[in-house]
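Peer 1: So for the sequence shown, the numbering used here puts the first residue at 40; every next one is plus one.
We treat Cβ as the ideally placed atom computed from N, Cα and C, and that holds for glycine.
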Amino acid sequence: MSIAIRLAGASLLVLAASHQAYAQEAAADEGDAIVVSGQRAQQERAIEIKRDAIGIVDVAAADEIGQLPDRNVAEVIERLPGVGVQYDQGEGRYVAIRGIPSDLNNYTVNGFELGNPDGNTRRLPLDVVSGQLLNRVEVTKAKTADLDGQGIGGTINLVTQTAFDFAEPFVLSANAQVGYQTLNEKTPIRGDASIGGRFGADEQFGVLIGGSYSKRDFQSFGIFPDDWSPFPGAARGGMPTNIKYTDYQLERERIGGVASFDWRASDTTHLWARGLYSKFTENEYRQRFRLDFATAAQREAGTVTLNPDGVSGVSTATEQRSDLRLEYKEKSVLVGMVGGTTETDDWTFDYGLARSHNKVVEPNQLWQFRGNPGTVDFDFSDKLFSAAPRAPLSADAAGFRQYTVQDESGDEYIWTGRLDVTRRLTFGDESWLKVGGKYRATDKDFDSNNTVFSRGGNAATRFTLGQFDLSGADVISRVGGGHDYLITPVIDAERIDAFTADPANAAYFVLDETSSIANATLSDLDLSEKIAAGYAMANLDFGTITVTPGLRVEQTDLTIKGFQLENESDVVPVTAKHKYTNWLPSLVVRIRPNEETVFRFAYTRSVGRPNYSDLTPGGEIAYEQNDDGTFDGSVSLGNPNLKPYVADALDASAEWYFAKGGLLSVGVFAKFIKNPVYTQSYFVLDASYGGRDYAVLSFSQKANGTSADLIGLELAYRQQFDFLPGFLSGFGVEANMALIDSKLKVPGRADPAAFPEQSGLLYGAQLFYQKGPIEASVAYHNTGRALIALGADAAGDQYNDDLRRLDAKASFALTDAIKLFVEAQNLTDEPTRQYQGNRRDWIIQNERYGRTFYAGASVRF
40 MSIAIRLAGA
50 SLLVLAASHQ
60 AYAQEAAADE
70 GDAIVVSGQR
80 AQQERAIEIK
90 RDAIGIVDVA
100 AADEIGQLPD
110 RNVAEVIERL
120 PGVGVQYDQG
130 EGRYVAIRGI
140 PSDLNNYTVN
150 GFELGNPDGN
160 TRRLPLDVVS
170 GQLLNRVEVT
180 KAKTADLDGQ
190 GIGGTINLVT
200 QTAFDFAEPF
210 VLSANAQVGY
220 QTLNEKTPIR
230 GDASIGGRFG
240 ADEQFGVLIG
250 GSYSKRDFQS
260 FGIFPDDWSP
270 FPGAARGGMP
280 TNIKYTDYQL
290 ERERIGGVAS
300 FDWRASDTTH
310 LWARGLYSKF
320 TENEYRQRFR
330 LDFATAAQRE
340 AGTVTLNPDG
350 VSGVSTATEQ
360 RSDLRLEYKE
370 KSVLVGMVGG
380 TTETDDWTFD
390 YGLARSHNKV
400 VEPNQLWQFR
410 GNPGTVDFDF
420 SDKLFSAAPR
430 APLSADAAGF
440 RQYTVQDESG
450 DEYIWTGRLD
460 VTRRLTFGDE
470 SWLKVGGKYR
480 ATDKDFDSNN
490 TVFSRGGNAA
500 TRFTLGQFDL
510 SGADVISRVG
520 GGHDYLITPV
530 IDAERIDAFT
540 ADPANAAYFV
550 LDETSSIANA
560 TLSDLDLSEK
570 IAAGYAMANL
580 DFGTITVTPG
590 LRVEQTDLTI
600 KGFQLENESD
610 VVPVTAKHKY
620 TNWLPSLVVR
630 IRPNEETVFR
640 FAYTRSVGRP
650 NYSDLTPGGE
660 IAYEQNDDGT
670 FDGSVSLGNP
680 NLKPYVADAL
690 DASAEWYFAK
700 GGLLSVGVFA
710 KFIKNPVYTQ
720 SYFVLDASYG
730 GRDYAVLSFS
740 QKANGTSADL
750 IGLELAYRQQ
760 FDFLPGFLSG
770 FGVEANMALI
780 DSKLKVPGRA
790 DPAAFPEQSG
800 LLYGAQLFYQ
810 KGPIEASVAY
820 HNTGRALIAL
830 GADAAGDQYN
840 DDLRRLDAKA
850 SFALTDAIKL
860 FVEAQNLTDE
870 PTRQYQGNRR
880 DWIIQNERYG
890 RTFYAGASVR
900 F
């Protein structure tokens with residue numbers, strides 16, 4: 040397409056800080072002595088923070104009733120401009136900022152790197168962390184030199200609560216909710232509580248502790264076709280190889296806790312300690328029906344017949360699979376921090392030390408049965424097509440094929456220390472010079488085992504689902520849109536688990552040594568990553584103009600271990616080292632011709648280190664010997680010598696603060712990215728590798744590409760209609776929009792691709808009301824379609840489709856201390872949908888979760 044205008048969400052502060060802190064700081068109308076609190080107070084405070092900021096920072100936080108209608112941090116910051124969220128099972132998980140993939144963000148808590156419990160990537164699943172106990176979440180898009188270089192998209196910083204966030208010397212608050220889910224009629228629950236206060240002769244000590252809990256037992260239904268490709272005469276231009284219907288039953292639980300201790304030791308010294316713990320667990324039951332009706336082999340054999348209408352037909356010689364997966368996931372983050380600030384007349388010293396431990400445990404079991412159901416009728420008249428056997432496969436005809444036992448686990452330990460020194464300068468009200476350093480040491484290991492058992496080699500050691508009465512009741516997958524899909528036969532979870540565990544049945548399960556040894560080695564890694572950073576920056580106040588130049592340098596020292604598997608049997612430990620240095624300049628210019636207008640211009644450079652799985656030296660080497668003594672082989676390896684992504688970013692914005700609580704802003708930005716990572720595949724003839732001569736040798740390895748660029752336009756508007764008469768004065772509105780376009784140059788592809796996870800259009804709007812004891816809002820957000828995975832060519836690329844969410848909340852204050860509230864999530868029953876080949880009718884996922892409603896109460900004393 041022609042060069043598109045790439046637009047990323049008009050950066051605007053949605054909520055500034057926790058309600059307890061800022062409600063007390065709200066302004067009062069001198070004539071009427073009306074105290075402004077709640078959403079309005081937060082928005083006014085947010086606008087002040089934005090107006091005074093050096094760079095570009097957005098903030099989200101809890102509101103007056105204790106919580107936005109969001110389950111986790113990802114869903115909270117989705118309401119900020121330019122933020123797109125990938126959903127899993129109806130909950131926000133991964134966050135893309137300004138069109139940059141989630142693994143290129145930086146994630147911190149109180150300024151210290153949080154790390155990642157999610158296996159061998161750098162993208163933090165933000166559904167791990169509940170938002171109830173946080174003071175706020177900061178999203179920094181244009182960074183100054185005192186912030187980490189990691190984060191091409193931005194830095195997401197979780198700020199925990201302290202006793203000094205509240206106006207009162209003692210605070211006790213609690214929030215409890217119970218819900219109703221329309222799809223499975225279950226009742227989720229969640230709640231949180233905090234208690235804290237300041238004590239001492241001058242209230243110099245502060246202690247706060249808090250805990251949160253949520254549990255959600257729910258069900259979802261999905262359809263998941265695979266591998267669309269052209270098919271002559273097909274109305275959609277092609278057909279998938281199969282169709283899969285799925286029934287998910289899940290139980291998700293989050294347990295969180297925060298603690299803080301503050302000591303204002305003197306007028307010049309403030310010492311503190313902080314802690315954050317959050318654990319996410321999930322028990323998953325997945326029953327899946329798969330029907331292979333249009334594979335390449337079936338097409339070549341002529342068993343797939345398309346009717347003249349191009350949308351319907353029949354397939355013979357088909358294969359059906361019935362799968363059952365039982366999976367447990369446990370992910371946890373634990374961070375402890377100590378630090379402080381000491382001031383003299385002209386100097387300020389900030390210092391801190393943190394220790395993090397992130398953990399993942401993920402065992403699961405999967406059983407698979409197969410059979411031939413005979414003739415299948417398919418119909419592509421609707422976007423959610425259908426394909427079903429004329430005679431459902433019976434349990435007696437479904438033969439056991441495979442059983443796998445997965446056991447994955449990983450630990451990550453991080454030490455971080457930092458020191459910042461600021462010297463006030465003699466000119467200007469806000470001029471200063473700042474230098475500092477930071478050191479982070481990460482030790483991470485990930486161990487994956489996936490043992491595979493296949494069926495026996497003769498009739499005596501083979502069995503069917505019906506032979507031992509292992510089937511259960513049929514299930515209807517209610518995907519929506521008038522489509523109900525029959526899942527049959529169903530594998531009974533309790534019966535198959537007991538049958539498999541019985542030693543008397545061991546002969547039915549034959550170990551697949553080749554697959555098992557590969558699964559036990561290729562994903563394993565053990566690494567040490569040390570990053571030493573130093574910086575210098577200044578803030579030069581010339582009155583109307585403030586100039587903030589800076590330079591940061593980071594040296595990365597990586598040692599990573601893995602395993603290479605040679606010819607399916609020989610495991611060879613391998614170790615690699617890589618050291619590199621990045622120089623990261625920045626310059627921010629802020630112009631304030633008056634109190635109502637602010638212009639900002641920024642240049643920043645940031646880095647995005649490759650995922651750990653891409654850096655491992657491990658991989659697989661397979662070969663077979665020819666008659667002449669040479670070999671044909673293949674090599675698939677990671678690449679520990681990958682360079683980090685490096686991005687130079689330009690930002691320009693204009694902001695008009697036209698009224699109290701009002702803002703209109705427009706901004707443009709561009710990012711020019713070097714060293715994007717892609718999978719390089721090629722083959723060579725007459726080559727030598729590892730002491731062997733190869734006639735043909737194919738390679739597959741991660742490599743750095745040439746470049747990518749991204750450009751955008753931002754718009755935002757916010758206004759409180761307090762100038763209207765009567766009850767209308769309680770209304771207000773805010774809206775933002777981001778249009779983004781990108782070009783990723785991939786070697787071997789004629790046309791540039793989009794950047795993964797980059798949505799071309801992001802927009803959201805909220806209508807809110809606050810007057811007297813009533814507070815309410817209705818919020819709508821759209822995350823536009825985005826590339827999620829590059830295929831071998833454009834026809835194999837995979838995309839997320841548009842995701843639109845409509846949520847609402849309302850509260851009523853019974854007293855100054857007690858509020859009742861209701862919330863509604865996903866009112867439009869929006870599914871998540873994915874498609875292939877940039878064709879929205881080539882669907883590869885459509886998953887439905889239903890609507891959820893909550894009612895509850897909050898108290899604060």
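Helix, strand or coil for aspartate 531 per DSSP?
Peer 2: Counting from 1 along the sequence shown, the entry for residue 531 is found at position 492. Reduced to three states, the DSSP call for aspartate 531 is coil.
Peer 1: Hey, serine 371 and proline 156 are a contact pair by Cβ (cut 8 Å); roughly how many whole angstroms apart?
Peer 2: Translated into positions along the sequence shown, residue 371 becomes position 332. Translated into positions along the sequence shown, residue 156 becomes position 117. Correct: roughly 6 Å between the Cβ atoms.
Peer 1: Look at the Cβ atom of valine 134, then the Cβ atom of valine 122, and state whether they are nearer than 9 Å.
Peer 2: Here residue 134 refers to the residue found at position 95 of the sequence shown. Here residue 122 refers to the residue found at position 83 of the sequence shown. Contact flag set, yes.
Peer 1: Look at the alpha carbon of tyrosine 316 and the alpha carbon of glutamine 288, and state the distance between them as a whole number of angstroms.
Peer 2: In the sequence shown, counting from the first residue as 1, residue 316 sits at position 277. In the sequence shown, counting from the first residue as 1, residue 288 sits at position 249. So the alpha carbons of these two residues sit roughly 27 Å apart.
Peer 1: Let me know the secondary structure DSSP gives isoleucine 93 once reduced to three states.
Peer 2: By 1-based counting over the sequence shown, the position of residue 93 is 54. The answer is coil: DSSP assigns isoleucine 93 none of H, G, I, E or B.
Peer 1: In its own chain, which residues sit with a C-beta less than 7 Å from the C-beta of aspartate 840, not counting the 5 before and 5 after it?
Peer 2: Taking the first residue of the sequence shown as 1, we reach residue 840 at position 801. Counting only Cβ-Cβ distances below 7 Å, and skipping sequence neighbours, we find Arg824, Arg872, Gln873, Tyr874, Arg879.
Peer 1: Would the beta-carbon of glutamine 220 fall within 9 Å of that of arginine 844?
Peer 2: Translated into the one-based positions of the sequence shown, residue 220 becomes position 181. Translated into the one-based positions of the sequence shown, residue 844 becomes position 805. Against a cut-off of 9 Å, the Cβ pair of arginine 844 and glutamine 220 comes out as no contact.
Peer 1: With contact counted as at least three CB pairs below 8 Å, one residue from each stretch, are the region 449-462 and the region 503-511 in contact?
Peer 2: Short answer: they don't touch.
Peer 1: According to DSSP, is phenylalanine 766 part of a helix, a strand, or is it coil?
Peer 2: In the sequence shown, residue 766 corresponds to position 727, counting from 1. Of the three classes helix, strand and coil, the one that applies to phenylalanine 766 here is helix, per DSSP.
Peer 1: Measuring only the C-alpha atoms, how far is alanine 181 from proline 347?
Peer 2: Within the sequence shown, residue 181 is the residue found at index 142, counting from 1. Within the sequence shown, residue 347 is the residue found at index 308, counting from 1. Spanning the two alpha carbons is a distance of roughly 57 Å.
Peer 1: Would you mind listing the alpha helix (DSSP H) stretches within the region 506-593 that are 4+ residues and don't spill past its ends, in chain order?
Peer 2: Fully enclosed alpha helix (DSSP H) runs of 4 or longer: 532-540, 552-558.
Peer 1: Pull up the DSSP beta-bridge partners for tryptophan 695, would you.
Peer 2: Position 656 of the sequence shown, counted from the start, is the residue given in the question as residue 695. According to DSSP, which records beta bridges pairwise, tryptophan 695 is partnered with Thr636, Leu703.
Peer 1: If I measure Cβ to Cβ from aspartate 761 and keep anything under 7 Å in the same chain, skipping five residues before and after, which residues do I get?
Peer 2: Here residue 761 corresponds to residue number 722 of the sequence shown, with the count starting at 1. Taken in chain order, the residues that qualify are Ser768.
Peer 1: Suppose contacts are defined by Cβ-Cβ distances below 9 Å. Is aspartate 185 in contact with aspartate 580 by that definition?
Peer 2: Locating residue 185 in the sequence shown gives position 146, where the first residue counts as 1. Locating residue 580 in the sequence shown gives position 541, where the first residue counts as 1. Cβ atoms of aspartate 185 and aspartate 580: not closer than 9 Å.
Peer 1: Between the C-alpha atoms of aspartate 127 and asparagine 885, what's the straight-line distance to the nearest angstrom?
Peer 2: In the sequence shown, the residue the question calls residue 127 occupies position 88. In the sequence shown, the residue the question calls residue 885 occupies position 846. Taking the straight line joining both Cα atoms gives about 12 Å.
Peer 1: Would tyrosine 619 pass as a contact of aspartate 687 if the rule is Cβ separation under 9 Å?
Peer 2: In the sequence shown, the residue the question calls residue 619 occupies position 580. In the sequence shown, the residue the question calls residue 687 occupies position 648. No, these two residues do not count as a Cβ contact at 9 Å.
Peer 1: For leucine 165, which of helix, strand or coil comes out of DSSP?
Peer 2: Reading the sequence shown from its first residue, position 126 is the one you call residue 165. DSSP places leucine 165 in helix when its eight states are reduced to three.
Peer 1: I'd like the list of long-range same chain contacts for phenylalanine 711, defined as Cβ closer than 6 Å, with 5 residues on each side in sequence excluded.
Peer 2: Here residue 711 refers to the residue found at position 672 when the sequence shown is read from its first residue. Within the same chain, phenylalanine 711 has close Cβ partners Asp687, Asp748.
Peer 1: Can you tell which of Asp265, Ala215, Ala240 has its C-alpha closest to the C-alpha of glycine 830?
Peer 2: Along the sequence shown, one-based indexing puts residue 830 at 791. Among Asp265, Ala215, Ala240, the Cα nearest to that of glycine 830 is on Asp265.
Peer 1: Between the alpha carbons of arginine 463 and serine 470, how many angstroms are there, rounded?
Peer 2: Residue 463 sits at position 424 when you count from the first residue of the sequence shown. Residue 470 sits at position 431 when you count from the first residue of the sequence shown. Distance between the alpha carbons of arginine 463 and serine 470 is about 6 Å.
Peer 1: Once you ignore the five residues that flank tyrosine 838 on each side, which residues in its own chain have a CB closer than 7 Å to its CB?
Peer 2: Numbered from 1 along the sequence shown, position 799 holds the residue referred to as residue 838. Closer than 7 Å at Cβ, skipping near neighbours: Arg824, Ala825, Leu826, Ile827, Gln873, Tyr874, Asn877.
Peer 1: Have a look at leucine 702 and glutamine 805 and give me their C-alpha separation to the nearest angstrom.
Peer 2: Along the sequence shown, one-based indexing puts residue 702 at 663. Along the sequence shown, one-based indexing puts residue 805 at 766. If you take the alpha carbons of leucine 702 and glutamine 805, they lie about 14 Å apart.
Peer 1: Alpha carbon to alpha carbon, how far is alanine 572 from threonine 614? Give it in angstroms, no decimals.
Peer 2: On the sequence shown, position 575 is the one that residue 614 refers to. On the sequence shown, position 533 is the one that residue 572 refers to. C-alpha separation (whole angstroms): 25 Å.
Peer 1: Taking the straight line between their C-alpha atoms, what separation do you get for isoleucine 779 and serine 141?
Peer 2: Taking the first residue of the sequence shown as 1, we reach residue 779 at position 740. Taking the first residue of the sequence shown as 1, we reach residue 141 at position 102. Cα-Cα distance, rounded: 16 Å.
Peer 1: Smallest Cα separation from phenylalanine 424: which of Glu224, Gly352, Val627?
Peer 2: Walking along the sequence shown from the start, residue 424 turns up at place 385. Measuring from the Cα of phenylalanine 424, the nearest candidate turns out to be Gly352.
Peer 1: Less than 8 Å between the CB atoms is what I'm expecting for asparagine 111 and valine 168, so what's the real figure, rounded?
Peer 2: One-based indexing of the sequence shown puts residue 111 at position 72. One-based indexing of the sequence shown puts residue 168 at position 129. With a Cβ gap of about 6 Å, asparagine 111 and valine 168 count as contacting.
Peer 1: For the alpha helix (DSSP H) holding valine 115, just list the boundary residues, first then last.
Peer 2: The residue given as residue 115 occupies position 76 in the sequence shown. It spans 112-116 - the alpha helix (DSSP H) in which valine 115 sits, taken as one unbroken run.
Peer 1: Express the C-alpha separation of tyrosine 478 and arginine 457 in angstroms, rounding to a whole number.
Peer 2: As a first step, residue 457 is located in the sequence shown; it is residue number 418 there, counting from the start. As a first step, residue 478 is located in the sequence shown; it is residue number 439 there, counting from the start. The alpha-carbon atoms of arginine 457 and tyrosine 478 are separated by roughly 6 Å.
Peer 1: How is glycine 70 classed by DSSP in three states: helix, strand or coil?
Peer 2: Locating residue 70 in the sequence shown gives position 31, where the first residue counts as 1. Residue placement at glycine 70 cannot be trusted, given a pLDDT of 32 that sits under 50; the coordinates are not used to answer.
Peer 1: Tell me where the beta strand (DSSP E) around glutamine 809 begins and ends.
Peer 2: Taking the first residue of the sequence shown as 1, we reach residue 809 at position 770. Run containing glutamine 809: 800-810, per the beta strand (DSSP E) assignment.
Peer 1: Does the contact criterion of 3 or more C-beta pairs under 8 Å hold for the region 676-686 versus the region 729-742?
Peer 2: Short answer: they touch.
Peer 1: Assign phenylalanine 794 to one of three DSSP states: helix, strand, or coil.
Peer 2: Start at 1 with the first residue of the sequence shown, and residue 794 comes out as number 755. In the structure shown, phenylalanine 794 sits in coil (DSSP, three-state: anything other than H, G, I, E or B).
Peer 1: Under DSSP, the beta strand (DSSP E) around serine 720 begins and ends at which residues?
Peer 2: The residue you call residue 720 lines up with position 681 of the sequence shown. Per DSSP, serine 720 belongs to the beta strand (DSSP E) from 716-728.
Peer 1: Which residues bound the beta strand (DSSP E) around tyrosine 442?
Peer 2: Position 403 of the sequence shown, counting from 1, holds the residue named residue 442. 438-463 is the span of the beta strand (DSSP E), which, as asked, contains tyrosine 442.
Peer 1: Let me know the secondary structure DSSP gives threonine 500 once reduced to three states.
Peer 2: Position 461 of the sequence shown, counted from the first residue, corresponds to residue 500. Here threonine 500 sits in helix by DSSP.
Peer 1: Please look up how many angstroms separate the CB atoms of valine 178 and leucine 119, rounded, as I've assumed it's under 8 Å.
Peer 2: Residue numbering aside, residue 178 sits at position 139 when the sequence shown is read from its first letter. Residue numbering aside, residue 119 sits at position 80 when the sequence shown is read from its first letter. Indeed they touch by this definition, with Cβ atoms about 6 Å apart.
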